[in-house]
Amino acid sequence: MVRAGAVGSHLPASGLDIFGDLRKMNKRQLYYQVLNFAMIVSSALMIWKGLIVLTGSESPIVVVLRDNGDIKFLTKGDNNEVDDRGLYKEGQNWLEKKDVVGRARGFLPYVGMVTIIMNDYPKFKYALLAVMGAYVLLKRES
């Protein structure tokens, strides 16, 4: 016969009892952690808005995949349901370098892979955000 409270009792309590950690915090510590999390989120938003102002673009960071050195672009407006191929010349499926007016201000190889992974696997993105948020809220200052 197994008692109801015995399930999972062989697991260590540290790190697994999230709500227990929250209960151990006093109100001041909990408010501090929530405020800390809000400051991190607002800092990220301010950095993003700063990049928008500096670059003069609504999308200051763009991921471009270069497989064989032949650069082609497919554009899509932020509020459009489909890509912009309907706006291209008849028979044109991609934009080439000669079709683009502007220039890159920076190049960070492989950093855009994070964006691609987050867009391809949205459940991973939400899980990562939940873990980071829980860490910030539950981490105690020593």
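Numbering (full-length UniProt numbering), first residue to last: 1 to 142. Virtual Cβ for every residue (Gly too), placed ideally from N, Cα, C. This structure is a prediction, so every number in the text was calculated from the model and none was measured.
Hey, Phe73 and Leu137: beta-carbon distance below 9 Å or not? By one-based count along the sequence shown, residue 73 stands at place 73. By one-based count along the sequence shown, residue 137 stands at place 137. Note that the C-beta distance between Phe73 and Leu137 is not below 9 Å.
Am I right that Asp83 and Lys76 are in contact with their C-beta atoms under 8 Å? What's the rounded C-beta distance? As a working mapping, residue 83 is identified with position 83 in the sequence shown. As a working mapping, residue 76 is identified with position 76 in the sequence shown. With a Cβ gap of about 4 Å, Asp83 and Lys76 count as contacting.
Less than 7 Å between C-beta atoms, sequence neighbours within five positions excluded: which residues of the same chain meet that for Ile40? Here residue 40 refers to the residue found at position 40 when the sequence shown is read from its first residue. Apart from the 5 residues on each side of it in sequence, Ile40 sits with its Cβ closer than 7 Å to the Cβ of Val136 in its chain, given in chain order.
Contact set for Asn93: own chain, Cβ-Cβ below 7 Å, skip 5 residues either direction: Position 93 of the sequence shown, counting from 1, holds the residue named residue 93. Result list for Asn93: Arg85, in chain order.
Contact under 9 Å by Cβ, Met118 with Leu128: Within the sequence shown, the letter at position 118 stands for residue 118. Within the sequence shown, the letter at position 128 stands for residue 128. For Met118 and Leu128, yes; Cβs fall inside 9 Å.
My output table needs one value for Leu74: the three-state DSSP class, helix, strand or coil. As a working note, residue 74 is residue 74 in the sequence shown. Reduced to three states, the DSSP call for Leu74 is coil.
Alpha helix (DSSP H) containing Phe124: first to last residue? Residue numbering aside, residue 124 sits at position 124 when the sequence shown is read from its first letter. That run of the alpha helix (DSSP H) goes Pro122 to Leu138.
Tell me the residue span of the alpha helix (DSSP H) that contains Tyr31. To locate residue 31, count along the sequence shown from 1; it is residue 31. Residue range Lys27 to Thr55 is occupied by the alpha helix (DSSP H) that includes Tyr31.
Mark Gln29 as exposed unless 16 or more other C-beta atoms lie within 10 angstroms of its C-beta, in which case mark it buried. For the purposes of this step, residue 29 is taken as residue 29 along the sequence shown, with counting starting at 1. By the neighbour-count definition (other C-beta atoms within 10 Å, threshold 16), Gln29 is an exposed residue.
For Val131, count the other beta carbons within 10 Å of its own beta carbon; 16 or more makes it buried, fewer makes it exposed. Which is it? Reading the sequence shown from its first residue, position 131 is the one you call residue 131. That one is exposed.
Is the beta carbon of Gln33 closer than 9 Å to that of Met46? Stepping through the sequence shown from its first residue, residue 46 is reached at position 46. Stepping through the sequence shown from its first residue, residue 33 is reached at position 33. Against a cut-off of 9 Å, the Cβ pair of Gln33 and Met46 comes out as no contact.
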